[in-house]
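In order, the protein sequences belong to chains A and B.
Mapping the first sequence onto UniProt numbering, position 22 (from 1) lands on 22, and the numbers just tick up by one.
Mapping the second sequence onto UniProt numbering, position 62 (from 1) lands on 62, and the numbers just tick up by one.
Just so you know, even glycine gets a beta-carbon here, dropped at the ideal spot from N, CA and C.
The structure presented is a predicted model; accordingly, all values stated were derived computationally and were not measured.
The structure appears right after this line, and notes come after that.
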Amino acid sequence: MSLTRAHAISPFKKKGDIAPPRKKLKVPRLFIFLCLSPWLFGIIFFTAYPMVSSFYQSFTKFNLIETPQWVGLDNFHRMFFEDDDFWKALKNTIWISAISIPLRICFAIFTAWVLTKPKRGSSIYRTIFFLPSMVPAVAGTMAFTYIFNPAYGPINKMLEAIGIKEPPFWFMDPAWSKWGLILLGLWGIGDTMIIFLAGLLDVPTSLYEAAELEGASGWQSFRYITLPLMTPVIFFSTVTGVIGSFQYFTQAYVASGQVNDYSHSMYFYATHIYHSAFKAYEMGYASALAWVLLVITLLCTLVILKTQKRWVHYPNGSLFK
Amino acid sequence: MRKNRMFASIAVIALVASSLVAAATGAQAATRTVTVWSPYSGGNLAMWDAAIKRIETANPGLDIKSVGSIDMAKSLAAINAGNGPDISISNGNGNLGWFCGTGAWQNLNALISGKNGINMSATFNAASVASSISNYKRCALPLYSEVFGFYYNKDLLSKAGFANPPKTTTELLTYSQKLTTFNADGSIKAAGFLPWAGYYGFDMDSMWLGQMFGAKWYGGNSSAFSTDRKWAEAFAWQKDFIAKVYGGGDFAKGSKLLTKFVAGRGGEWSGTDHDFISGRVAMKWDANWMSPMFCTGDDWAMADKCTAKVNFGIAGFPVSPSNISAYGSGVIGQGQMGISKGSKNVKDAWIVMKALATDTKLAVAWDGANGAPSSLLTKEARPANYPAWYQPIYDITEHPRTAYHTVQNTGEHLEESMLQNLMASWQAGDTANIKTALADLAQRVNQIIVRNN
């Protein structure tokens, strides 16, 4: 079979056509290595070495000045049996993960769904909803501590205006501070929302038309068409959400500093690592904390991966089978 | 003739030999290098370098390399890596435990008591002498100070019938009751005094509260939070104060009102709506370097022209009746310097460090530019002219009971932030039993000390 000109341009145009054999490029191995070397350098010196080093340090007492001293499992024993702040930080982190991940997903789906509705100016609405996620975390947090300020913040003024006599003190009240962070997270939902929006727009309209012909209600269409087809996106958001929430730091750190959170109601796991490393100068202990965080995150991710077969619907099969 | 030739030969040999010795000495002198790392930049670095130049001039053959803009963390990392400077600077006493306790700075006892030593108590004020020791090792020499005292609004006090600032905690309560006013909705309009962690406090409110009651931070190598009853007394007073002044006897009410009041405080650095300037608060703890903020400008050079945004005075902290001898004192902190472990030229480093610590010209320039009184006792270390209203700052500096707390190696002064957290928890009503909480805190501090030593 001789290849026509059209085949040469698009060899797979006709079903059954066979791609012409590729010529083996003769590229020197050294050249390939040189091209890869920036990445290799980065992965070895900025990822692999620090990881191996911190793993070693997690079994040592290391204060930056003196040579690390091998202490075996002491750091881990201290973490689980002596360090109250570890448990406080872990509890706060689990709380924020458990509340914020489902809320963010629900809010993102809802927002994305709303944004599929406008027939005119949809791109403007989408941009407006996406914009907050582009605001730097520090600036966003500072703005939130201002608008939620119990004395002069507009939120409490509004709440008082509608008859709530004693609105919460938000970031200044240990009982409400984490809720302030949750609201801050929901405000910056844009990145998650955009993924759900792409997923929603990808649902074949024929399915909705068929459901409509069968007499399905709006809720039934959502429950039996939209939601199942969104499960891969929900799964993705859950996994990335868990990883992100266990590393939750910037917003909490900034808000804590803004309102003097001496009660540690916004003290999270990543804050504890930072505090141990750069305030207490206990690099060994901080490394141990970081490795425990990795294990916790891995375990949570594995649990989600294991359970996905039960609830994630892949129209074309799962990548994780 | 032969004799003459012999003399000539000897003379030539002697000349050559002396030249060689001189050259060798010169070569040796050229290697006498001392490296000084400081966090200073701009005008401060220029003042610092001028002092270094004076030391070089006074010590021929000594080459001092001054490097600015290097913070504590960088110094520590370099000392650890074995390529640190001979001399480095720590801003604040709290970090002394870290520099001394880890051995990053050398023990100076032998140098201080040596031939070219220094009489510490005759040279520096009492607070500075005490503050250059950590873990019972003296490893630092003091530089300039920051002084924390009691600021009061003269007009407001006068209007309330008080001619002088309160001297005791009892008077402070009475003054505050009279000076505090409430809005129609029950919220606080203006406050007398706030013994409150987190109200413009730089995380030091608990330290100031302890100073008012003469509470000790350590007894030997252990935390005294539990063993020194004055801590419990101080916290009990704080609670009672909040209840009586702000809650009409109800602590929970007072605490809630104060939380909201503190949330509405004016900007600390705004220079216009700071609560002390606006009259929202009549009396407060504060640092000497805040004084220019309360004047016409926030530039220290303008302090002598203080036409006052608020008519204020400065005094020592009010003290508890059982601690009356401490009246007039405050809290004082210092910038300090030490000789790094691994310094190859300790002898010369000591010469440089001693000269820097006792350089009155540097002290005068530094105080004049930054409002940071020297640690030196001599009056020559003060600017020739300074405004009369600033005198109390020097009086506090010199008071024998003025102090920073004794220092142990607790990382970046963790015991301070832990005590501050307890104070905040206590004032919010989240801690029920202060004695148990203080005992728990002492135990945690002791654990840190044991771990770090």
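- Contact of Thr-436(B) with chain A by beta-carbon distance below 7 Å is absent, the smallest such distance being about 14 Å.
- Rounded to the nearest angstrom, the gap between the Cα atoms of Leu-441(B) and Leu-200(A) is 54 Å.
- Residue pairing by DSSP places Leu-141(B) opposite Met-337(B) in a beta bridge.
- Between the alpha carbons of Trp-231(B) and Ile-128(A) lies a gap of roughly 54 Å.
- Neighbours of Asp-430(B) in chain A, taken as residues whose beta carbon is under 8 Å from its own, are Pro-174 and Ser-263 in chain order.
- Counting only the Cα atoms, Tyr-267(A) lies some 14 Å from Asp-83(A).
- In chain order, Ala-224, Thr-406 and Gln-408 place their CB closer than 7 Å to the CB of Tyr-218(B), counting only its own chain and leaving out the 5 sequence neighbours on each side.
- Taking 8 Å as the CB threshold, Ala-151(A) lines the interface with chain B.
- The C-alpha of Leu-181(A) is placed about 34 Å away from the C-alpha of Asp-74(A).
- A residue is called buried when at least 16 other Cβ atoms come within 10 angstroms of its Cβ; Leu-40(A) does not meet this threshold and is exposed.
- His-77(A) sits exposed, since fewer than 16 C-beta atoms from the chains shown fall within 10 Å of its C-beta.
- Burial is judged here by how many other beta carbons sit within 10 angstroms of a residue's own beta carbon; Arg-104(A) has at least 16 and is buried.
- Here the alpha carbon of Ile-32(A) sits roughly 41 Å from the alpha carbon of Phe-278(A).
- Of the residues assessed, Gly-241(A) falls on the buried side of the cut-off, its CB having 16 or more other CB atoms within 10 angstroms.
- Chain B has no Cβ within less than 8 Å of the Cβ of Leu-289(A).
- In this structure, Ser-340(B) sits near Ala-104(B), with a CB-CB distance shorter than 8 Å.
- At the C-beta level, Leu-96(B) and Ser-134(B) come within 8 Å of one another.
- Trp-37(B) is bridged by DSSP to Val-67(B).
- The residues Gly-186, Ser-187, Ile-188, Tyr-246 and Gly-247, in chain order, have a CB closer than 8 Å to that of Leu-257(B) in the same chain once the five nearest residues on each side in sequence are set aside.
- In terms of CA proximity to Ser-263(A), Ala-428(B) leads the group Pro-392(B), Met-290(B) and Ala-428(B).
- In this structure Phe-249(A) does not touch Leu-293(A) by the C-beta definition: roughly 11 Å separates them, more than the 8 Å allowed.
- One thing to note: Ala-403(B) has its Cβ no nearer than 8 Å to the Cβ of Phe-150(B).
- When C-alpha distances from Ser-75(B) are compared across Leu-111(B), Ala-50(B), Ser-38(B) and Trp-48(B), the shortest belongs to Ser-38(B).
- Taking one beta carbon from each stretch, the region 132 to 152 of chain A and the region 189 to 209 of chain A have 3 or more pairs nearer than 8 Å; the two touch.
- Of all residues in the region 57 to 71 of chain A, those with a C-beta nearer than 7 Å to a C-beta of chain B are Asn-63, Leu-64, Ile-65 and Glu-66, reading in chain order.
- Residue pairing by DSSP puts Met-283(B) in a beta bridge opposite Tyr-152(B).
- For Ile-89(B), there is no enclosing alpha helix (DSSP H); the residue is found in the beta strand (DSSP E) stretching over 87 to 91.
- Shown here for Ile-393(B): same chain residues with a beta carbon closer than 7 Å to its own, the five before and five after excluded, namely Val-147, Gly-149, Asn-288, Ile-314 and Pro-373 in chain order.
- With contacts defined by Cβ atoms closer than 8 Å, Tyr-281(A) and Gly-411(B) form a contacting pair.
- Below the 7 Å Cβ cutoff, chain A contributes Asn-260 and Tyr-262 as neighbours of Gly-198(B), in chain order.
- With a contact defined as Cβ atoms closer than 8 Å, Ala-122(B) and Lys-361(B) miss out at about 20 Å.
- Where Gly-244(A) is concerned, there is no enclosing beta strand (DSSP E), although the alpha helix (DSSP H) around it starts and stops at 227 to 246.
- When the Cα atoms are used, Trp-196(B) and Val-352(B) turn out to be separated by approximately 43 Å.
- Sequence-distant Cβ neighbours of Pro-118(A) in its own chain, meaning closer than 6 Å and more than five residues away, are Tyr-125.
- Distance from the CA of Lys-154(B) to the CA of Asp-395(B), rounded to the nearest whole angstrom, comes to 19 Å.
- Your pair Ile-112(B) and Val-34(B) does not check out as a contact, with CB atoms roughly 18 Å apart and the cut at 8 Å.
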